[in-house]
Amino acid sequence: MARSATQVNLIVLSLTEGESPLLIRLQTPMGYEFCYKIGRKTPLFYMTLDFCQRMGLIRGEVRFTYDGTKLDEFKTPDEINLEDDDVIDVWPPLEWGG
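First residue of the sequence shown? That's 887 in my numbering, and the numbers climb one at a time after it.
So this is what it looks like as structure tokens:
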């Protein structure tokens, strides 16, 4: 599947000293894409919270899935075997559009 030309935002979250970063892409059905550079041992909660704040969404109303499975936001990328450039799908509330 070819990617369309959309604006991509890169957000770098704090890393602990000596921690190697991982690039994770968040995509919505409407074509929004955010790339996060996050530490491998950083809970994904910080990334999902940042995304919702930037988009003006209530975190509890947004679903995040990885490989079709609901994302456990309190786990780290290492704990769920995320790799560089993996995609997390974002499912916003229905009234957001789509």
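Heads up, the beta-carbon is just placed ideally off N, CA and C, and yes, glycines get one too.
Limits of the beta strand (DSSP E) - the one that residue i falls within
{"i": "F920", "result": "919-925"}
{"i": "R911", "result": "907-913"}
{"i": "L896", "result": "894-898"}
Identified DSSP bridge partners for residue i
{"i": "T951", "result": "K956, D975"}
Cβ-based neighbour list, residue i, same chain, cut-off 8 Å, excluding 5 preceding and 5 following
{"i": "L899", "result": "Y922, K923, I924, G925, T928, Y932, M933, D936"}
Same chain only: Cβ atoms within 7 Å of residue i, ignoring 5 sequence neighbours per side
{"i": "A891", "result": "Legend: pLDDT at A891 = 49, less than 50; position of this residue unreliable, value from coordinates given subsequently. No residues qualify anywhere along the chain."}
N-terminal and C-terminal residue of the alpha helix (DSSP H) that residue i is part of
{"i": "D936", "result": "931-941"}
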